[in-house]
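A.B. asks:
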Amino acid sequence: VAFEFFAVQEHVWCLRRASYLTCSYVVGTPKGYVFIDAGMGSDGADARAALDRLPPAPVRTVLLTHWHNDHSAGSLFLHEKYGAEIFCHEKEGAKLTREPPRNLGARLSRLVPESGPLVLLKGLLNDGPSVRLSAFRPVRDGELLLEQFVALHTPGHTGGHLAYFDRMNGVLFAGDALAVVGKRVRRMAKHVTEDHADALASMRRLANLGVDTLAPGHRYPLTGAREAMERFQHTLKDPWPLFG
Ligand SMILES: [Zn+2]
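Those letters in the sequence shown? Residues 26 to 269, by this note's numbering.
#1: Tell me the DSSP secondary structure of residue 91 in three-state form.
#2: Under a three-way DSSP split, which group does residue 156 fall into?
#3: Inspect the beta-carbon positions of residue 49 and residue 156 and report whether they are closer than 8 Å.
#4: Hey, which unbroken runs of the beta strand (DSSP E) at 3 residues or more fall wholly within the segment 153-205?
#5: Are the segment 32-40 and the segment 58-76 touching, with three or more C-beta to C-beta distances below 8 Å?
#6: What three-state label does DSSP hand residue 260 in the structure shown?
#7: Mapping DSSP to helix, strand and coil, what is residue 41?
#8: Alpha carbons only, please: which of 64, 253 and 224 is nearest the one belonging to residue 96?
#9: Any heavy atom of ligand 1 closer than 7 Å to the CB of residue 71?
#10: Taking residue 197 and residue 169 to be in contact with their CB atoms under 8 Å, please state how far apart those CB atoms are, rounded to whole angstroms.
#11: Give a yes or no on contact between the segment 206-217 and the segment 113-120, applying the rule of three or more CB pairs nearer than 8 Å.
#12: Less than 7 Å separating the Cβ of residue 220 from some heavy atom of ligand 1?
#13: Measure the Cβ-Cβ separation of residue 204 and residue 243 and say whether it is below 8 Å.
#14: Residue 113 to residue 228, Cα distance in whole Å?
#15: Return the CA-CA distance between residue 213 and residue 107, expressed in angstroms with no decimal places.
#16: Going by beta-carbon coordinates alone, are residue 78 and residue 57 separated by less than 8 Å?
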């Protein structure tokens, strides 16, 4: 598997699986590394690829945006290997602490990326997490975490989706509440959005934050994002495009 790993800006790195267009992030803090999502390998392959390229430091915490496998699967490895505490919304945590579904649909669904035309298949398959966590730290909207990250409950893509605003570095980790395509901010595909009205409200909230760097869960992060976010705000009254 090919991983891309690069600095988004000082103290912030992006870990990317090119084949799935998925992005997780690592933030360097004075007390160690904080992961925002943990990659899609339940063996921790994504997280290991990142840590191999970084100077050694403790892994403090994993902040999960939502339960989907391509974001959460590596969290169990980071907990077991480094003792990292896993933070997420209660609704996502409830799913992640349950026995993963073993049926064929669920197994196939985990292989389908959330970006690109194949995403249409995803809605037809029974999805479910691929790891089972023993515990999580529930996060509420508006909470300040680790003195640095403001949790923003942004339901729509999933019911307990969280975005995290890193106020130290000015980065919004948007998870799958938003998408970035090229230099433009877009919606996620309609078929992978559970609740469209909630998702629109969440996108409005994020677009209003006025952030400099937007770090989404797929494709590439966008620096100098202010103008693109403003343009995006005006598109939120339009009908939902099929692919976002
Ligand atoms: Zn997702």
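Glycine included, C-beta positions come from ideal geometry on N, C-alpha and C. Fair warning: this is a prediction, and the values are worked out from it, not measured in the lab.
C.D. replies: Checking against the coordinates, here is how it stands:
#1: The answer is coil: DSSP assigns residue 91 none of H, G, I, E or B.
#2: Reduced to three states, the DSSP call for residue 156 is coil.
#3: The answer is no: Cβ separation not under 8 Å.
#4: Those beta strand (DSSP E) runs which fall completely within the segment 153-205 and span 3+ residues are 174-178, 187-191 and 196-200.
#5: With the cut-off at 8 Å, the segment 32-40 and the segment 58-76 touch.
#6: Residue 260 falls in the helix class under three-state DSSP.
#7: Note: residue 41 maps to strand in three-state DSSP.
#8: Ranking 64, 253 and 224 by Cα distance to residue 96 puts 64 first.
#9: For ligand 1, not one heavy atom lies less than 7 Å from the Cβ of residue 71.
#10: That pair is no contact at about 15 Å.
#11: The segment 206-217 makes no contact with the segment 113-120, as fewer than three CB pairs between them are under 8 Å.
#12: No, Cβ of residue 220 sits at least 7 Å from all heavy atoms of ligand 1.
#13: Against a cut-off of 8 Å, the Cβ pair of residue 243 and residue 204 comes out as a contact.
#14: It is roughly 19 Å from the alpha-carbon of residue 113 to the alpha-carbon of residue 228.
#15: In a straight line, the C-alpha of residue 213 is about 32 Å away from that of residue 107.
#16: Going by beta carbons, residue 78 and residue 57 fall outside the 8 Å limit.
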